[in-house]
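Notes follow the structure.
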Amino acid sequence: METIESKEQLLEQFSEWISYVKKLEGYGEDVWNEEIAEGKWSLRELVSHMMLWDKYFFETAIEKIYKEETLTLQHQDFNEFNDKAMEYGKKTSIRQLIDQTIDYREQIIQHIRKLPEESYLASYGAEEPFRLPQYLKDFIWHDQGHMSQLDHFIQRHSH
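For the record, in the sequence shown the residue sitting at position 141 is 154 according to the working numbering, with numbers rising by one throughout.
This is how it looks when you write it as structure tokens:
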């Protein structure tokens, strides 16, 4: 059985992306447009990818759970979703990407934090049940993978 501490620990880890993105604010347009590694996304495309997944899960699951509404989560074609995220990243200002990234991540954290324990631990949906603790664990893992890619990228730009 999950404990309140583990919910808080997961939310703490889940919030690390916010501090990370704030550190990226200091970099110029040239760095934001550069591929993070050969054949990989640019920094702005990667941040857009992370933000749009947060937006998607917030609007179709987290907010719905909080409002006690039916989830509208549907299986996504990852490649198609990520292609759209890349396009969005290319045409959106860095300031806007940073603000949206922080906003959606903070909204998710605040909404999950306010949920009663039974709602936090419940299983939603029949086919592929959505569970908040698992969602947080999956995305912390996802965040950490991208942050580790970015660490290498940032090291190249620090003097």
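Cβ coordinates follow ideal geometry from the N, Cα and C atoms, glycine included.
Query, Result
"Any alpha helix (DSSP H) of 4 or more consecutive residues that is wholly inside the region 92-162", "107-127 and 130-134"
"6 angstroms Cβ shell around Phe70 - same chain, five flanking residues per side excluded", "none"
"Alpha helix (DSSP H) segments (min. 4 residues) lying fully within the region 16-79", "17-27, 29-37, 42-45, 56-70 and 76-79"
"Cα-Cα separation, Asn46 to Arg57", "6 angstroms"
"Cβ separation of Ile121 and Asp67, assumed to be a contact under 8 angstroms, to the nearest whole Å", "6 angstroms"
"Straight-line gap, Ser55 to Phe27 (C-alpha atoms, nearest Å)", "22 angstroms"
"Burial state of Phe91, where buried means 16 or more other Cβ atoms lie within 10 Å", "exposed"
"Own chain partners of Asn95 with C-beta closer than 8 angstroms, once the 5 adjacent residues on each side are dropped", "His62"
"Cut-off 6 angstroms between Cβ atoms - residues of its own chain near Glu29, not counting five sequence neighbours on either side", "none"
"From Ile31, Leu37 and Pro146, residue whose alpha carbon lies closest to that of Tyr117", "Ile31"
"Proximity of Leu65 and Leu163 at Cβ, strictly below 9 angstroms", "no"
"Residue of Gln147, Gln22, Leu145 and Glu141 minimising C-alpha distance to Gln89", "Glu141"
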